[in-house]
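Written below as structure tokens is the structure these notes are about.
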Amino acid sequence: MSEIQPCNKKEECRRLWKETFGDSDAFIEHFIRDFYDSSNMLCIEEKARIVSMLHMVPFKMGSKDVGYIYAVATEEKSRGKGYATLLIEKGIAAAKAIGYAALVTIPADEGLRLFYSRFGFTGSHPVTFKGTGNFNFGTGEKKKDVALLLPLEGTLIIEEGMSLVLEM
Numbered sequence: 610m611s612e613i614q615p616c617n618k619k620e621e622c623r624r625l626w627k628e629t630f631g632d633s634d635a636f637i638e639h640f641i642r643d644f645y646d647s648s649n650m651l652c653i654e655e656k657a658r659i660v661s662m663l664h665m666v667p668f669k670m671g672s673k674d675v676g677y678i679y680a681v682a683t684e685e686k687s688r689g690k691g692y693a694t695l696l697i698e699k700g701i702a703a704a705k706a707i708g709y710a711a712l713v714t715i716p717a718d719e720g721l722r723l724f725y726s727r728f729g730f731t732g733s734h735p736v737t738f739k740g741t742g743n744f745n746f747g748t749g750e751k752k753k754d755v756a757l758l759l760p761l762e763g764t765l766i767i768e769e770g771m772s773l774v775l776e777m
């Protein structure tokens, strides 16, 4: 396994995204064109091929800077090796170093909610994204856009069920 590192491999990102999520080429290209930043993407490579990735998109939540964990993916043949766990742990450390007040994510299902809870993500927070044009960082269904939150600074207190507004 290669070291976890920032990635600057858009084509590899596209490939893994398509294989993992099955999103349309237009959707993936929209993210790459408008939101991709290699310094906000962590990956694990094997033989110069991305096998696992995580994007940490910067947002504002009120006056606080937060990171949105998005498009975490591991190719099928590399699953079960702990790569996503390593990326989440590295992402949390990076977010703290950046000075983010919190990390936010919208898990696609209950299994992923349980996975993220292992790292301290909690809550059920309806979330709205602003300033993203017509790009949907959520699930595609407003009622399912319920986020988990990991506060990274002691002064950030969000009550259970409180709605979150994330702005670019």
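Residue numbering for the sequence shown follows our numbering, starting at 610 and increasing by one per position.
Think of the CB as a built atom: it goes at the ideal place given N, C-alpha and C, for glycine as much as any other residue.
Whether residue i touches residue j by CB criterion (8 Å)
| i | j | result |
| --- | --- | --- |
| L681 | L775 | According to the sequence provided, residue 681 is Val. The question's Leu does not apply to it. Not in contact: V681 and L775 (Cβ atoms no closer than 8 Å). |
| S733 | G770 | yes |
Whole-angstrom distance between residue j and residue i, CA atom to CA atom
| i | j | result |
| --- | --- | --- |
| K669 | M777 | 6 Å |
| I715 | K656 | 31 Å |
| G747 | K753 | 8 Å |
| T675 | L721 | The sequence shown places Val at residue 675, rather than the Thr named in the question. Answer to the nearest angstrom: the Cα atoms are 20 Å apart. |
| Y679 | L773 | 16 Å |
| K690 | R624 | 20 Å |
| A693 | G708 | 22 Å |
| T629 | A702 | 25 Å |
| V666 | Y677 | 5 Å |
| R658 | D634 | 20 Å |
Cutoff 7 Å; reference residue i; Cβ partners in own chain excluding five residues on either side
| i | result |
| --- | --- |
| N617 | S647 |
| T741 | M777 |
| M610 | Only weak support exists for where M610 lies, its pLDDT of 44 falling under 50; the value from the coordinates is given anyway. I653, E655, listed in sequence order. |
| K627 | I637 |
Neighbourhood of residue i by C-beta distance below 6 Å, restricted to the same chain and skipping five residues each side
| i | result |
| --- | --- |
| L663 | L651, V681, L696, G700 |
| T737 | V774 |
Own chain partners of residue i with C-beta closer than 8 Å, once the 5 adjacent residues on each side are dropped
| i | result |
| --- | --- |
| P760 | A710, A711, I766, I767 |
| K739 | V774, L775, E776, M777 |
| D632 | W626 |
| I641 | K619, C622, R623 |
Could you tell me which uninterrupted alpha helix (DSSP H) segments, each at least 4 residues in length, are contained entirely in the stretch 651-730, listed from first to last along the chain?
692-707, 719-726
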